[in-house]
Amino acid sequence: MNSVAGNVTNREKEVLHLVGDGFSTKQIAEKLSISHHTVETHRKNLLKKYEAKNSAELIQKALVQSLVA
(Lines of atoms letter the chains of each structure in order from A; the text may use other names.)
(Lines give C-alpha, C1' and ligand atoms only; values in the text may rest on other atoms or scores of the structure.)
Protein backbone atom coordinates (compact mmCIF):
# COMPACT_ATOMS: atom_id res chain seq x y z
CA MET A 311 0.00 0.00 0.00
CA ASN A 312 1.45 3.31 -1.08
CA SER A 313 1.33 6.26 1.29
CA VAL A 314 -1.43 8.56 0.13
CA ALA A 315 -1.25 11.05 2.99
CA GLY A 316 0.35 13.68 0.77
CA ASN A 317 -2.46 13.35 -1.78
CA VAL A 318 -5.27 13.92 0.71
CA THR A 319 -6.71 17.44 0.75
CA ASN A 320 -7.22 19.39 3.96
CA ARG A 321 -10.99 19.03 3.66
CA GLU A 322 -10.67 15.28 3.06
CA LYS A 323 -8.55 15.09 6.24
CA GLU A 324 -11.30 16.87 8.16
CA VAL A 325 -13.89 14.44 6.82
CA LEU A 326 -11.61 11.48 7.56
CA HIS A 327 -11.16 12.54 11.19
CA LEU A 328 -14.89 13.01 11.66
CA VAL A 329 -15.65 9.64 10.05
CA GLY A 330 -13.10 8.12 12.42
CA ASP A 331 -14.83 9.81 15.35
CA GLY A 332 -18.06 8.09 14.34
CA PHE A 333 -19.99 11.06 12.96
CA SER A 334 -22.67 10.42 10.34
CA THR A 335 -22.67 12.05 6.92
CA LYS A 336 -25.39 14.44 8.07
CA GLN A 337 -23.45 15.38 11.21
CA ILE A 338 -20.24 15.93 9.23
CA ALA A 339 -22.10 18.12 6.75
CA GLU A 340 -23.49 20.24 9.58
CA LYS A 341 -20.14 20.53 11.36
CA LEU A 342 -18.30 21.57 8.19
CA SER A 343 -21.17 23.66 6.75
CA ILE A 344 -21.22 21.67 3.52
CA SER A 345 -23.88 19.54 1.85
CA HIS A 346 -24.20 15.83 2.55
CA HIS A 347 -23.48 15.27 -1.15
CA THR A 348 -20.12 16.99 -0.71
CA VAL A 349 -19.35 14.82 2.31
CA GLU A 350 -20.16 11.72 0.25
CA THR A 351 -17.88 12.95 -2.53
CA HIS A 352 -15.00 13.43 -0.07
CA ARG A 353 -15.67 9.99 1.42
CA LYS A 354 -15.74 8.42 -2.06
CA ASN A 355 -12.45 10.12 -2.95
CA LEU A 356 -10.87 8.91 0.30
CA LEU A 357 -12.03 5.33 -0.30
CA LYS A 358 -10.46 5.44 -3.75
CA LYS A 359 -7.20 7.01 -2.57
CA TYR A 360 -6.80 4.51 0.26
CA GLU A 361 -8.07 1.61 -1.87
CA ALA A 362 -10.61 0.82 0.85
CA LYS A 363 -13.93 -0.98 0.45
CA ASN A 364 -15.74 0.75 3.32
CA SER A 365 -15.31 3.35 6.05
CA ALA A 366 -13.95 0.85 8.58
CA GLU A 367 -11.21 -0.25 6.20
CA LEU A 368 -10.54 3.39 5.30
CA ILE A 369 -9.95 4.33 8.94
CA GLN A 370 -7.79 1.24 9.53
CA LYS A 371 -5.58 2.03 6.53
CA ALA A 372 -5.35 5.71 7.46
CA LEU A 373 -4.30 4.81 11.00
CA VAL A 374 -1.66 2.35 9.80
CA GLN A 375 -0.17 4.93 7.44
CA SER A 376 -0.16 7.60 10.13
CA LEU A 377 1.60 5.30 12.57
CA VAL A 378 4.10 3.91 10.07
CA ALA A 379 4.74 6.97 7.88
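In terms of my numbering, the numbers along the sequence shown are unbroken and rise by one, the last being 379.
All C-beta atoms in this analysis are idealised placements derived from N, C-alpha and C, irrespective of residue type, glycine included.
Distance between residue j and residue i (C-alpha atoms, nearest Å)
i	j	result
Asn-364	His-346	17 Å
Ile-338	Leu-356	15 Å
Ser-334	Val-314	24 Å
Ser-376	Glu-340	27 Å
Local Cβ density within 10 Å of residue i, reported as buried at 16 or more and exposed below that
i	result
Lys-354	exposed
Val-374	exposed
Ala-372	buried
Endpoints, alpha helix (DSSP H) assigned at residue i
i	result
Lys-354	346-359
Lys-341	335-342
Asn-364	Run containing Asn-364: none; DSSP gives neither H nor E here.
Neighbourhood of residue i by C-beta, 7 Å cutoff - its chain only, sequence neighbours within 5 removed
i	result
Lys-358	none
Thr-351	none
Asn-317	Lys-359
Glu-322	His-352, Asn-355 and Leu-356
Cβ shell of residue i (< 8 Å), same chain only, five flanking positions each side left out
i	result
Ser-343	none
Sequence-distant residues of its chain with Cβ nearer than 6 Å to residue i (five each side left out)
i	result
Val-329	Ser-365
Cβ-heavy atom distance, residue i to the ligand MN, below 7 Å
i	result
Gln-370	By its list of ligands, the structure shown contains no ligand whatsoever, and the ligand MN lies outside what it can speak to.
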